[in-house]
Amino acid sequence: MDSKILTMFNQGKHEEAIQAAVKAIDAAPDDPKRYAMLATMLISIKALDQAGELLAKARQLFPEDLELQYTAGLFAYAQADFAAAVSWFAKVRTDQTLKNDATYMLALSYQQAGQPTKALAFALTAHDLAPKQLDAALLAADLLMANDVFDAAARVLKPLLATEQPQVLFTYGIALSAAGKDGSHYLNKAKALDPKGYDQKANIVADINRFLRLQEGQDGHA
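The opening residue of the sequence shown carries number 1 in my numbering; numbering runs sequentially from there.
So this is what it looks like as structure tokens:
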């Protein structure tokens, strides 16, 4: 039942999924996972007041439940309370089921809190825990590039090129180019697969001046 509700939510049927999640709690009020599922949905659609009320109630009922603690971390992150988010995610990393996601969210929380060294350490750990997970690899690569470690960023992403995911191709191409190698093939492929996304990424790439110089150089080689 829970998986069907999540599928519905991920298909964009948010209201239907939330109504189904409420009914699921009514049907099994002693199941903390259902509270966590509904709270996560509410956080995802930025209904933070409702999410906060639900979490407060759920944590009173199930104070030791780790999934609810992880969800509390998501709630804190959504509120930009990154210190609280770090505290929650650190607590649940001992749980093998939650370890991967909590480690990734720790990296994001430290990044948003302006602690890039800790962010990079946890991003690399998250990538080691789940090497095929795209979001962890991309975060690690972005943080490595922010530290001008371009070859290492490329190495993180190279095994994922077969996914042909535009963001992977784009970031890999940037890493190669910034390392003094030819990344134009991957940049062009990313642009062909997702022109709109390519333009957006080009506008927010960390070192926009370097990116423009690289593109100018590639145009000169055409």
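For every residue, glycine included, the Cβ atom is placed at its ideal position computed from N, Cα and C. Note that the structure is a prediction, hence the values are computed from the model and not measured.
(request) Whole angstroms is fine: what's the gap from L187's alpha carbon to G197's? (result) Here the alpha carbons of G197 and L187 stand approximately 12 Å from one another.
(request) Pick out whichever of D182, T94, R34 has its Cα sitting closest to the Cα of L54. (result) Of D182, T94, R34, the residue nearest in Cα terms is R34.
(request) Enumerate in chain order the residues of its own chain whose CB-to-CB distance from Y110 is below 7 Å, with the five nearest sequence positions on each side excluded. (result) Setting aside the 5 residues that flank it on each side, Y110 is surrounded in the same chain by V86, K118, A119, F122, each with a C-beta closer than 7 Å to its C-beta; the list follows chain order.
(request) Report buried or exposed for Q69, applying the criterion of at least 16 other Cβ atoms within 10 angstroms of its Cβ. (result) Classification for Q69: buried.
(request) Give the DSSP-derived three-state secondary structure of E64 in the structure shown. (result) In the three-state reduction of the DSSP assignment, E64 falls in the coil class, being assigned neither a helical nor a strand state.
(request) Would you mind working out which of G173, Q165, N147, L139 sits nearest A154, comparing C-alpha positions? (result) Residue G173 is the option with its Cα nearest to A154.
(message) Tell me the DSSP secondary structure of A206 in three-state form.
(response) Confidence is the limiting factor: at A206 the pLDDT is only 45, short of 50, which leaves the residue's position unreliable and the question unanswerable from this model.
(request) Throw me the rounded Cβ distance for the A21 and M41 pair, which I believe falls under 8 Å. (result) About 6 Å separates the two Cβ atoms, so the contact holds.
(request) Specify the secondary structure class of T174 as computed by DSSP and reduced to three states. (result) Residue identity differs from the one stated: residue 174 is Ile in this sequence, not Thr. Helix, per DSSP.
(message) Just to confirm before moving on: does the CB-CB distance between P116 and P159 stay below 9 Å?
(response) Taking 9 Å as the cut-off, the Cβ atoms of P116 and P159 do not count as close.
(request) Taking all protein chains shown into account, decide if Q60 is buried (16 or more other Cβ within 10 angstroms of its Cβ) or exposed. (result) The Cβ neighbour count for Q60, taken over all protein chains shown within 10 Å, is under 16; the residue is labelled exposed.
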